[in-house]
Structures are given as structure tokens and as C-alpha cells.
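For the sequence shown, numbering that gives the first Met the number 0 gives the first residue as 0, with consecutive numbering after it. Structure first, commentary second.
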Amino acid sequence: MRDLHEILRGGYCTRWHANPDLAHVRETLAEHHARVAQILLALHPSPSRHLIDAALHHDAGEPECGDLPGPFKVAHPKIAAAHAACEAQRLVELGCPPNLSETELRWLKMADRLAAYAHVAHVRPDLLGRFDWRETLAEVVAQAWQLGCEVEVEALSARLAPQLIGGEA
């Protein structure tokens, strides 16, 4: 049984709290989860119920376990792995463990990263020229090519950051 109270309550937690460039910009977990699901519904040819469910809950463990900044995860992979295990356990406790195939996990990761990129494009477009966000976009586009949605992702990225890609606003 799902712990709906804790899932809904956790949805109010704010993302980006450890990023000095984005900590002042409000985005809740619930807002992020909705964007990830919207991306999957728009790009995936036939998303499973399990994939949409995972999109709507993939970070639901963060209110208890916290979130680690990306650069920290890269610099400290053992700590990142232990943290990921804690977060996965919390998803089980909440009643929403992901039940995804490897391909669905790739779709979820791509949509999660694309949602973050889209958020930054709307709230701090000046950051998109930095190496880390350019690298994020390159990874998302590479994943999109593997998943067969590269045309849509490239078109969206051109609209999100026309100054970087040569698209139109």
C-alpha cells in the first residue's frame, strides 16, 4: 500500500537547494515529477503505466534521504551509491518502487535530465552556456538518439535555448 500522505507531503520539498545558482528558484518535487511525466507522454511512443508511475515518484525518497549535487556524486561514487540505495529503500517503504526494464530506465533518465534542462532554460537561461549544462544537453540528445526521439528533443532544445543552438524563441 502506498503512503499517500508522505508522497504528497514530500512533493512540496524544493529542488536545487544545494546549487548556489538555482537555490533561490522554486521548483518542488511534485512539479519536477509532473514535468518528467509530461516529457515521457510526449516523446515515448507507448509509455507503460510503470514508466509513468516511476516518472511521478522517482525522487519521492529525497525528502527523507536528501539529494546530493551532481558534482559530489561524480567525485564520491561510493557515497553516491550508498545514497542511491537509501533512496531506493525509501521508495520501497513508500510503496512505489520502480518496476522498469533497462530501456524504460533509459527513458526515465533522459526525461529526468531533459526536465532539469527545461527548468533551467526557463528560470536561468544564462546558465545554459556553461560547460555543465552544455554537457547535460549533449547527454540528453545522445540518449534521445538511442531511444528514437532525437528529432523532438533537438527541436525542443532549439526552442529552449535558441541563442546556443541557432533556433527560434
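Idealized CB from N, CA, C, for every residue including glycine.
When you compare only the Cα positions, how much space is there between residue i and residue j?
i	j	result
Glu167	Cys148	For Glu167, the pLDDT reaches just 46, beneath the cut-off of 50, and the residue's location in the model is therefore unreliable, although a value from the coordinates is still provided. Going from the Cα of Glu167 to the Cα of Cys148 covers about 20 Å.
Ala41	Ile78	34 Å
His31	Leu7	13 Å
Cys12	Glu61	8 Å
Cys95	Ala53	8 Å
Leu55	Ala154	24 Å
Ser45	Pro68	32 Å
Thr135	Arg1	33 Å
Pro124	Leu3	35 Å
Val91	Ala81	16 Å
Ala157	Arg129	16 Å
Glu26	Gly9	13 Å
Compare the C-beta of residue i against all C-beta atoms of chain B and say whether one is closer than 8 Å.
i	result
Cys95	Looking at the structure shown, chain B is missing, and only one protein chain is on hand.
Tell me which residue opens and which closes the alpha helix (DSSP H) that residue i is part of.
i	result
His31	28 to 42
Gly9	3 to 9
Ala157	149 to 159
Arg105	101 to 122
His49	48 to 56
Find the nearest neighbour of residue i within the set the options, judged by alpha-carbon distance.
i	options	result
Leu28	Val119, His49, Ala59, Pro70	Ala59
Ser47	Asp131, Ser100, Arg158	Ser100
Glu5	Phe130, Leu93, Leu113	Leu93
Leu126	Glu26, Thr102, Arg1, Leu21	Leu21
Leu50	Ala117, Asp66, Pro97	Pro97
Ala117	Glu103, Arg133, Pro70, Asp66	Arg133
Gly121	Val152, His43, Pro161, Glu103	Checking the sequence shown, residue 121 turns out to be His, not Gly. When only C-alpha atoms are compared, the closest one is Pro161.
Bridge partners for residue i per DSSP, in chain order?
i	result
Thr13	Thr27
Exercise for review: Kindly confirm or deny that the stretch 134 to 143 and the stretch 98 to 112 touch, where touching means at least three C-beta pairs closer than 8 Å.
Suggested key: yes
Practice item. Would you be able to state if there are at least three C-beta pairs under 8 Å between the stretch 83 to 91 and the stretch 32 to 40? Key: no
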